[in-house]
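Asker: Mind having a look at this structure? Questions to follow.
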Amino acid sequence: MLFKTSFISAIALLAANQVIGAAVELPRGEAGILIATDPYYACNCPNNCSYKPGTGCRFYSGPSDNSKVLKGKCQNKNGKLTCIPT
């Protein structure tokens, strides 16, 4: 009896986990989570470690994700790779 109850509880938890995971997953084309918070992080780690000068980049122009998104190219500025709006 205890085994059956434990087994059913485990299956219920697994199913609930799948439903919750499906509910919060963003579509593959959704790029909102890929936009950096400032020009430095638009071209550097943790998410853009492989970027080099000339790579396209995007970052928010203000402190909020409701701010305008600026697009540019990564360039060396004062020895650091930075996103320069174009």
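Whatever position you read off the sequence shown (first residue = 1), add 771 for our numbering.
Positions of the beta carbon are idealized from the N, C-alpha and C atoms, including for glycine.
Please report the straight-line C-alpha distance between Lys851 and Asn819, rounded to a whole angstrom.
Answerer: 14 Å
Asker: CB Lys844 to CB Gly825, shorter than 9 Å?
Answerer: yes
Asker: The beta strand (DSSP E) with Tyr831 in it runs from where to where?
Answerer: Run containing Tyr831: Gly827 to Tyr831, per the beta strand (DSSP E) assignment.
Asker: Among the residues of its own chain, which have a CB less than 8 Å from the CB of Lys740, if the five just before and after it don't count?
Answerer: In the structure displayed, the chain extends from 772 to 857; residue 740 sits before or after that span and is not available.
Asker: Starting from Asn847, trace the beta strand (DSSP E) both ways and give me its first and last residue.
Answerer: Val840 to Lys848
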